[in-house]
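One structure is given below, encoded as structure tokens.
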Amino acid sequence: MNHPYFHKLMGAALLLAIVSSAQAAQDRTLTDEQWRERMQQHWQQVISEEDVRKRKALLREHEDLMEKATESMGMDQKMGGHMGKNGHHDELMNRIDMHRHMMDMMR
1 MNHPYFHKLM GAALLLAIVS SAQAAQDRTL TDEQWRERMQ QHWQQVISEE DVRKRKALLR
61 EHEDLMEKAT ESMGMDQKMG GHMGKNGHHD ELMNRIDMHR HMMDMMR
């Protein structure tokens, strides 16, 4: 294409793909404890946000965060099994379950 912004847009799209890929790789290396800390910090943002639209956006982000944490354990969240390894998976899954219940009540 000869559009003047085509190369800039393609470069931006490529950069976004690289950053997203790097973030996904980093997410896979987080420990259960790091996931719990990340979720707790984000949860504090959710519950302290007073603007309804912003809170809804934060809730969607939190759902994504919980899904990534579940995937990092190598489990399908629909399996329901908590496959504990020294209790760490159990603690993380309990936190995810608790946040899901609280999110349901907030809707």
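So the sequence shown is numbered by this note's numbering: it starts at 1 and just counts up by one.
Glycine included, each C-beta is placed from N, C-alpha and C at the ideal position.
It should be emphasised that the depicted structure is a prediction, and the values quoted were computed from it without experimental measurement.
Short check: CB of Gln45 to CB of Leu58, under 8 Å?
-> In this structure, Leu58 lies closer than 8 Å to Gln45 by Cβ.
Tell me whether Leu65 counts as near the ligand COA, meaning its Cβ is closer than 7 Å to at least one heavy atom of that ligand.
-> Because no ligand of any kind appears in the structure shown, any question about the ligand COA cannot be addressed here.
Straight-line CA distance for Arg100 to Arg36?
-> Rounded to the nearest angstrom, the two C-alpha atoms are 14 Å apart.
Run through DSSP, which three-state label would Met73 get?
-> Of the three classes helix, strand and coil, the one that applies to Met73 here is coil, per DSSP.
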